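Using numbering that gives the first Met the number 0, you'd call the opening residue of the sequence shown number 0 and step up by one each time.
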Amino acid sequence: MPVLRTRPFRAVPAALLLVVGLPTATMVGQELARPPRGYSIPLVDLAGETDRQVVVDREEGQYLGHPTTVLLEDGKTILCVYPKGHGQGAIVLKRSVDGGRTWSERLRVPASWATSREVPTIHRVEDAAGKRRLIVWSGLHPARLATSDDDGLTWSDLAPAGDWGGIVVMASVEKLRGAPGHYLAVFHDDGRFFVATPQVTKPVTFTLFATRSTDGGLTWSRPEVLHAAQDVHLCEPGIVRSPDGTELAMLLRENARRANSHVMFSRDEGRTWTVPRELPGALTGDRHVGKYLPDGRLLVSFRDTTLDSPTRGDWVAWVGRYDDIASGREGQYRVRLMDNTKGADCAYPALELLPDGTVVATTYGHWTRDAPPWIVSVRFTAADLDRRAPAARD
């Protein structure tokens with residue numbers, strides 16, 4: 000099975016990445032090399048280990064979906080937000096004070112949170128003076144933002160961040176090196192929501208956007224275009240920083256389902272990016288979220304949309320090293336976290352690493368056949384996974 004090899008790093012100014020008909024493979028010498036549609040690495044299956052599963056929220060007859068979480072600095076308090084509906088609906092907030100073992104009742108939030116029209120996302124930010132706050136985004140047009148200065152005890156109303164919008168705002172928020180209080184946030188749109196009047200092309204164009212904050216997340220710049228294309232639909236960017244801190248990798252869903260997921264790289268804190276290239280099938284999925292394990296390996300959680308996979312449509316994770324992503328290798332092994340019973344409607348995943356090395360992975364899915372989706376956490380350690388993958392290579 001061919002393995003995709005990297006080409007020399009070539010940063011491209013964001014303004015030049017307006018691409019129609021972008022190749023979905025990388026040139027190796029004079030030959031066009033395509034990564035595998037499937038994967039050959041081992042699969043660890045945790046789906047049947049119900050003792051690892053913690054119910055975060057479930058309501059009879061109610062669709063609960065698309066959560067994100069944030070772990071506070073005490074190493075045990077986790078906040079979780081999610082909508083009452085499929086990618087839209089009133090935002091629910093819950094808190095765990097014991098590292099995700101138990102969860103509060105639904106907490107009181109501002110009335111404006113009931114008007115959310117998109118997937119909410121929660122992030123920890125800090126300004127140049129060291130003042131920490133939490134922010135919650137709600138997308139479509141206009142993108143709106145709520146803030147908390149007391150670790151989520153009280154919140155502001157959702158208010159427009161500007162006269163712009165998008166889908167899954169913000170899929171990723173990254174603290175920038177060497178600039179206290181500066182953050183990069185990335186999202187996408189397909190022409191429907193960036194401006195108030197939809198501007199949808201035929202064929203449709205998927206555009207990646209970036210916006211920046213210099214005041215610890217309170218205000219955000221008008222977004223700039225990172226990349227746009229019609230042949231592959233790259234979206235839901237998830238940023239992972241390299242172990243040495245010098246490079247950003249942006250993992251991307253391919254929504255047209257014509258190719259594998261893609262990746263772009265930046266070595267200048269997101270000012271320029273490489274041309275997107277396909278990832279191996281082992282990393283193909285939707286809404287990638289990554290955390291480093293205590294031993295330096297990388298765990299990436301996502302919805303499995305691999306073109307050739309026995310767990311397609313389920314909630315899965317990938318274990319490997321950052322260099323595997325950079326070099327186009329498959330990684331060490333994959334993990335099925337939960338078995339989704341309806342199509343691929345699951346797994347906008349949230350991922351936290353506790354001080355003791357426990358991973359708390361949280362998402363929604365149709366975990367019960369013929370019932371609406373609900374929110375669950377799965378708890379495990381790297382050692383738990385390694386014991387179940389004796390054939391995995393280093």
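Don't be surprised by glycine CBs; every beta carbon is placed ideally from N, CA and C. Being a predicted model, the structure only gives us computed values, none of them experimental.
Sequence-distant partners of residue 60 (beyond 5 residues in either direction) whose C-beta falls short of 8 Å from its own C-beta, in its chain, are 371.
Proximity to residue 259 across 307, 240, 269 peaks at 307, based on C-alpha coordinates. Residue 321 carries a helical assignment under DSSP once its states are collapsed to helix, strand and coil. Bounds of the beta strand (DSSP E) holding residue 145 are 143-147.
Annotation for residue 384: the continuous alpha helix (DSSP H) segment containing it runs 381-386.
Burial state of residue 331 is buried, judged by a 10 Å Cβ sphere holding 16 or more other Cβ atoms. Using a Cβ-Cβ distance cut-off of 8 Å, the region 95-104 and the region 36-50 are not in contact, since fewer than three pairs of beta carbons, one from each stretch, lie closer than that value. Burial check for residue 148: the Cβ neighbour count within 10 Å stays below 16, so the residue is exposed. The alpha-carbon of residue 143 is positioned some 43 Å away from that of residue 387. In the pairwise beta carbon analysis, the region 231-247 is classified as touching the region 169-188: at least three pairs are separated by under 8 Å. With a cutoff of 8 Å on beta-carbon distance, residue 150 and residue 175 are scored as not near each other. Distance between residue 265 and residue 250, taken at the CA atoms: about 12 Å.
The straight-line gap separating the alpha-carbon atoms of residue 341 and residue 85 is approximately 14 Å.
Listed in chain order, the non-local C-beta contacts of residue 218 below 8 Å within the same chain comprise 160, 212, local neighbours out to five positions each way being set aside.
When beta bridges are read from the DSSP output, residue 367 appears opposite no residue. For residue 292, there is no enclosing beta strand (DSSP E), as DSSP marks it with neither H nor E. In the structure shown, residue 284 falls within a strand segment according to DSSP collapsed to helix, strand and coil. Within the same chain, Cβ atoms closer than 8 Å to the Cβ of residue 309 are found at 42, the five residues on either side in sequence being excluded. By a beta-carbon distance limit of 8 Å, residue 347 contacts residue 66. Their separation comes to about 7 Å. For residue 118, there is no enclosing beta strand (DSSP E), as DSSP gives it neither H nor E. The beta-carbon distance between residue 275 and residue 233, rounded to whole angstroms, is 6 Å. This is short enough to meet the 8 Å contact definition. The beta carbon of residue 305 sits closer than 8 Å to the beta carbons of 36, 37, 38, 259, 280, 281, 283, 284, 311 from its chain, once the five residues preceding and following it are set aside; these are given in chain order.
Restricting attention to beta strand (DSSP E) runs no shorter than 3 residues, the region 172-250 encloses them at 182-188, 205-212, 223-228, 233-240, ordered along the chain. Residue environment analysis places residue 55 among the buried positions, since at least 16 neighbouring C-beta atoms fall within 10 angstroms of its C-beta.
Within the region 62-134, the complete beta strand (DSSP E) segments at least 3 residues long are 67-70, 77-82, 90-95, 120-125, listed from N- to C-terminus.
In terms of Cα proximity to residue 294, the closest of 246, 120, 381, 117 is 381. For the 8 Å CB-CB criterion, residue 100 and residue 53 form a contact. Within the same chain, and ignoring the five residues on either side of residue 291 in sequence, the residues whose Cβ sits closer than 8 Å to its Cβ are 242, 297, 298, 352. The three-state secondary structure of residue 156, taken from DSSP, is coil.
By a beta-carbon distance limit of 8 Å, residue 115 contacts residue 157. Their separation comes to about 7 Å.
In this chain, the beta strand (DSSP E) harbouring residue 43 covers 42-44. A straight-line Cα-Cα distance of about 21 Å links residue 354 and residue 362. In the three-state scheme derived from DSSP, where H, G and I count as helix and E and B as strand, residue 270 is classed as coil. Looking at the backbone, the Cα of residue 155 and that of residue 109 are separated by about 7 Å. Residue 215 and residue 122 have their C-alpha atoms roughly 11 Å apart. The continuous stretches of beta strand (DSSP E) do not include residue 59, and DSSP gives it neither H nor E.
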